[in-house]
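Residue numbers (full-length UniProt numbering): 1 to 217.
Ideal Cβ placement from N, Cα and C applies to all residues, glycine included.
Just so you know, these numbers come straight off a predicted model, no measurement behind them.
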């Protein structure tokens, strides 16, 4: 958790690799593993999207001038803005899809942020399944078709109990972080991690909104 926050300093979010690093740091948190049953729907092919974003910056596959367009979020939005019209790919234009993939990850970030917050604040009698369902309804549900929403609803029932989830998060914190119990993790979550994630979300939201790319198909 501490590594995640330190690695996601707000000014750095303008740099595209920082976005990809975020989801790499979710694995040490065990969030993806613990929620594995629903990640197939909630964060479908995340790693494929990360790989696609990395590929756009791969200088062994593309000219350096091309890769430069994907160094920051603003540059990527500016470069891809001519590929769309009314949130649809222009006819005959080959879309590089960087912003589209970023948008999917951006939406997943809101789900993760909302879930962390609810796990830390909602009454203890609320199950992890209930919290995940609420976080999903607040974020990703509107972007998913009915069939996916139904599948997610079923998958939520298979989640571990809330105490197991919290214990898993605490247990996987690196020793050097000194987050050794639930109390210290909770304090760091609310004082550092959640504020950082919210700022990251807001910055990304603003960049995509200014480029009129919040509704890409």
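Mind checking which residues open and close the alpha helix (DSSP H) that includes residue 148?
-> 146-156
Do residue 50 and residue 20 have their C-beta atoms closer together than 8 Å?
-> yes
Nearest-angstrom Cα separation, counted from residue 201 out to residue 212 = 16 Å
Whose C-beta lies closer than 7 Å to the C-beta of residue 120 among residues of the same chain, with five residues either side of it excluded?
-> 186, 189 and 190
With 16 other CB atoms within 10 Å as the buried threshold, where does residue 154 fall?
-> exposed
Helix, strand or coil for residue 57, going by three-state DSSP, please let me know.
-> coil
Just curious, the alpha helix (DSSP H) that residue 190 is in, first and last residue?
-> From DSSP, residue 190 is part of no alpha helix (DSSP H); its letter is neither H nor E.
Among 105, 67 and 112, which has the Cα closest to the Cα of residue 193?
-> 112
Is it true that the CB of residue 139 sits closer than 8 Å to the CB of residue 114?
-> yes
Can you give the beta carbon distance from residue 56 to residue 98, rounded, assuming they're within the 8 Å contact cut?
-> 5 Å
Measure from the alpha carbon of residue 75 to the alpha carbon of each residue in 47, 149 and 17, then state which is nearest.
-> 17
If you draw a straight line from the C-alpha of residue 67 to the C-alpha of residue 163, how long is it?
-> 45 Å
Would you please state the rounded distance, in angstroms, between the beta carbons of residue 46 and residue 105? I believe it to be under 8 Å.
-> 7 Å
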